Every structure is written in C-alpha cells, then in structure tokens.
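Participant: Protein sequences appear in the order of chains B and P. Residues in the first sequence are numbered consecutively from 1, following our numbering. Residues in the second sequence are numbered consecutively from 258, following our numbering. Cβ coordinates follow ideal geometry from the N, Cα and C atoms, glycine included. The model shown is predicted, which means the values in this text are computed figures rather than measured ones.
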Amino acid sequence: MFEARLVQGALLKKVMEAIKELLNEASFDCAHSGILLQAMDNSHVSLVSLNLRREGFDKYRCDRNLVMGMNLSSMSKILKCASNDDIITMKAQDNADTVTFVFESPKQEKISDYEMKLTNLDQDHLGIPETEYSCVIKLPSAEFARICRDLSQFGESIVISCTKEGVKFSAAGDIGTANIKLAQTATVDKEEDAVMVDMQEPVTLTFACKYLNMFTKATPLSPQVCLSMSPDVPLVVEYKIEDIGHIRYYLAPRIGD
Amino acid sequence: KSKQASITSFFKKK
Chain B
1 MFEARLVQGA LLKKVMEAIK ELLNEASFDC AHSGILLQAM DNSHVSLVSL NLRREGFDKY
61 RCDRNLVMGM NLSSMSKILK CASNDDIITM KAQDNADTVT FVFESPKQEK ISDYEMKLTN
121 LDQDHLGIPE TEYSCVIKLP SAEFARICRD LSQFGESIVI SCTKEGVKFS AAGDIGTANI
181 KLAQTATVDK EEDAVMVDMQ EPVTLTFACK YLNMFTKATP LSPQVCLSMS PDVPLVVEYK
241 IEDIGHIRYY LAPRIGD
Chain P
258 KSKQASITSF FKKK
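(1) In angstroms with no decimal places, state the Cα-to-Cα distance between D124(B) and H44(B).
(2) Can you tell me which residues form a DSSP beta bridge with V237(B)?
(3) So if DSSP puts T198(B) in a beta bridge, which residue, or which two residues, is it bridged to?
(4) Going by DSSP, what residues sit across from V102(B) in a beta bridge?
(5) Identify each residue in the region 34 to 53 of chain B for which the Cβ-Cβ distance to at least one residue of chain P is less than 9 Å, and report them in chain order.
(6) If you measure from the beta carbon of P259(B) to each beta carbon in chain P, is any gap under 8 Å?
(7) By Cβ distance, which residues of its chain are closer than 6 Å to L66(B), with the 5 residues on each side in sequence left out?
(8) At the level of alpha carbons, what is the spacing between P234(B) and N95(B)?
(9) Candidates C209(B), I244(B), P253(B), E25(B): which alpha carbon is nearest N51(B)'s?
(10) Of all the options K217(B), I241(B), S112(B), which has the alpha carbon lying nearest to the alpha carbon of L22(B)?
(11) Restricting to Cα atoms, I'd like to know which of R146(B), P129(B), D85(B), K91(B) is closest to E109(B).
(12) Assuming the contact rule is C-beta atoms closer than 8 Å, T206(B) and A145(B) should be a hit. Round their C-beta distance to whole Å, please.
(13) Does the region 221 to 233 of chain B come close enough to the region 117 to 135 of chain B to have 3 or more Cβ pairs within less than 8 Å?
(14) What's the gap between the Cα of D58(B) and the Cα of A4(B)?
(15) Answer yes or no: does any C-beta atom of chain P fall closer than 8 Å to that of L126(B)?
(16) Within its chain, find whatever has a CB closer than 8 Å to the CB of A183(B); leave out the 5 residues flanking it on each side and keep chain order.
(17) C30(B) by DSSP, collapsed to three states: which one?
(18) With a threshold of 7 Å on Cβ separation, who are the neighbours of S152(B) within its own chain once the five nearest residues in sequence on each side are excluded?
(19) Would you say S161(B) lies against chain P (beta-carbon separation less than 8 Å)?
(20) Taking a Cβ distance cut-off of 9 Å, strictly less, list which residues of the region 227 to 254 of chain B are near chain P, in chain order.
(21) With DSSP as the reference, identify every bridge partner of R5(B), one or two as the case may be.
(22) Throw me the rounded Cβ distance for the A262(P) and A252(B) pair, which I believe falls under 8 Å.
(23) Going by the beta-carbon positions, is the gap between I247(B) and V48(B) smaller than 8 Å?
(24) Step through the CB atoms of chain P and report whether any lies within less than 8 Å of the CB of S152(B).
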C-alpha cells in the first residue's frame, strides 16, 4: 500500500507545471524515504531529478517500493481538477496498475477522486556524479526567468559567464547582441532578493535557450534558484520545494566550434 | 557553430 497526503496540494500542481513541458512521461519511484523521479527529455539533452521527502507529507505510507509510470499529460489533466487550496492524496495498492488521486477541499465539503492508469515505462536511470562545482550562483527565480525570456529573443543560445565580479548572461543573433550582468548583492532586505556568487574558478558555458525556458516553469515553486557550473559539465538549475524537497534540472552544454 | 551535447555523454546509465 502506498499513500501520500499533501496538505499543500498546490505544490504538486506546481511540480507538474515544472515538468510537463519537458517530459511526456515519467516514473515516480516511491520508497519509504519518499518519492523520486528521474527522467530525460525526449532529445536526451537534459535530465530532471525530483525529490519529495516523506517528512514533507502530512501522511506518508509506503509498505513496498513502487514504481509508478505516469503519462504526464494525463496526470496534468487530473491535477488541473484540484483547486489550489485542496489537500491532495496519491494512493496505490501494491502491484497495482492504477493510481488514485483524492482531492479534499479545506473544509472537507467536497471530495473527489480520480483513478489513472499507470504505464510500464522502461526508463534508464543515470548516475549523476558527485561534483564540486566551480561556480554556484543564487539569484531570484523570477529574475532568472526574465533573463532567459529576454535573451531568447536574440538567439538560440545563452552564454553564462561567471567571474568573481558576478555573472553575465549573453546572447547574439541576427538582430544584434544582448548582455545582462548581475553583480553580487551587498545587502538586501529579504534573502530571496539576493544574488550570491560562490566562485572557485571562472566558468563560461553556452546553453540552449529552449531548455532554460522550460526549466523556468518551476519558478512558482521557489523565490530563489541556484545555478551550479563547472567547465565542460552539465549546468544544474535547482529549485527548492519548501520543506519537502527539490527539483533539479541538468542541462548538457553546447560545445565547440 | 556550437553543437548541442547529449546528457548521456556526461551521465552514464546505471
């Protein structure tokens, strides 16, 4: 028996918005410690890694490890039926071929349940090596989304360049060039407004706008985003999900000339 | 022109 009840059901709706453009389907690996999802996009350019810890749920029970393959467009249709203040429960029997979503309104006057067929997905899991990143940049997530959106008008790629002075995002194309420089903030009233750069060595890498823009669908999950870069390895874009976990996107760089 | 790398050239299948 698997059962996970999330009082802040809106978080699950936001998680769905954060992955559904990138992934058509994904396996939810449910275990005693919580729920994990790891999946590559269709083109195998990026990887999504979602972690929801059991402690973040109001009620969590997982008697046996369970892999639930879900069609994300179907799951998204179902989660759209939940109101933002609904409590969401996911449950499944051991070895079941369906999962049930239960939505409870805050005062319990409306309770809906939706049963969805599971699909068998033969998905490979990738080993993500432990990496000490040369540059770790924290910035407001809305600012990052804005930068990706603005620079996408200029070209298909964004160059991210991190030095001790700060971080520079650049794009170039037919209409011209664009550069956005963010300096590390000295003092801020709210921590979530800060730009922080932790740099061991300068790094410059080039990434496809298309994927960066899809990652920014996670913006409603967290006021801050963390970018980690090292020379010639994938970028990590991480959004914390309150006290429950995180979503990380890994994006392979564009390389060479 | 730069070329898009694949994520699987960095992370190997388990």
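Facilitator: So, from the data block:
(1) By one-based count along the first sequence, residue 124(B) stands at place 124. By one-based count along the first sequence, residue 44(B) stands at place 44. A direct Cα-Cα distance of roughly 11 Å separates D124(B) from H44(B).
(2) For the purposes of this step, residue 237(B) is taken as residue 237 along the first sequence, with counting starting at 1. DSSP lists L227(B), Y249(B) as partners of V237(B).
(3) Working through the first sequence from its first residue, we reach residue 198(B) at position 198. A small fix is needed here, since residue 198(B) is Asp in this sequence, not Thr. According to DSSP, which records beta bridges pairwise, D198(B) is partnered with V136(B).
(4) As a first step, residue 102(B) must be located in the first sequence, where it is residue number 102. Answer is T89(B), D113(B).
(5) Listed in sequence order: M40, D41, S43, H44, V45, S46, L47.
(6) An answer regarding residue 259(B) cannot be provided, because it is not within the stretch 1 to 257 covered by chain B.
(7) Against the first sequence, residue 66(B) aligns to sequence position 66. The answer, listed in chain order, is F2, C30.
(8) Translated into positions along the first sequence, residue 234(B) becomes position 234. Translated into positions along the first sequence, residue 95(B) becomes position 95. P234(B) and N95(B): Cα-Cα distance of roughly 36 Å.
(9) Position 51 of the first sequence, counting from 1, holds the residue named residue 51(B). Taking only the C-alpha atoms, the option nearest N51(B) is I244(B).
(10) Mapped onto the first sequence, residue 22(B) falls at position 22. The residue with the shortest Cα to Cα distance from L22(B) is K217(B).
(11) Within the first sequence, residue 109(B) is the residue found at index 109, counting from 1. The shortest Cα separation from E109(B) among R146(B), P129(B), D85(B), K91(B) belongs to D85(B).
(12) Position 206 of the first sequence holds residue 206(B). Position 145 of the first sequence holds residue 145(B). With a contact defined as Cβ atoms closer than 8 Å, T206(B) and A145(B) miss out at about 19 Å.
(13) Flag = yes, the region 221 to 233 of chain B and the region 117 to 135 of chain B touch.
(14) The residue labelled residue 58(B) in the question sits at position 58 within the first sequence. The residue labelled residue 4(B) in the question sits at position 4 within the first sequence. Distance from the CA atom of D58(B) to the CA atom of A4(B), rounded to whole angstroms, is 8 Å.
(15) For the purposes of this step, residue 126(B) is taken as residue 126 along the first sequence, with counting starting at 1. Using beta-carbon distances, L126(B) counts as an interface residue toward chain P, with a partner under 8 Å.
(16) Indexing the first sequence from 1 puts residue 183(B) at position 183. Correct list, in chain order: E165, G166, V195.
(17) For this step, residue 30(B) is matched to residue 30 along the first sequence. DSSP, read as helix, strand or coil, puts C30(B) in strand.
(18) Your numbering for residue 152(B) matches position 152 in the first sequence. Correct list, in chain order: C209, N213.
(19) Within the first sequence, residue 161(B) is the residue found at index 161, counting from 1. S161(B) has a beta carbon lying at 8 Å or more from every beta carbon in chain P.
(20) Going along the region 227 to 254 of chain B in chain order, one finds D232, V233, P234, Y250, L251, A252, P253, R254 with a Cβ nearer than 9 Å to chain P.
(21) Here residue 5(B) refers to the residue found at position 5 of the first sequence. In DSSP, R5(B) forms a bridge with K59(B), T89(B).
(22) Taking the first residue of the second sequence as position 1, residue 262(P) is located at position 5. Taking the first residue of the first sequence as position 1, residue 252(B) is located at position 252. Right, the Cβ-Cβ distance comes to about 4 Å (below 8 Å), so this counts as a contact.
(23) Reading the first sequence from its first residue, position 247 is the one you call residue 247(B). Reading the first sequence from its first residue, position 48 is the one you call residue 48(B). Yes. Within cutoff.
(24) Residue mapping note: residue 152(B) aligns to position 152 of the first sequence, counting from 1. Not an interface residue.
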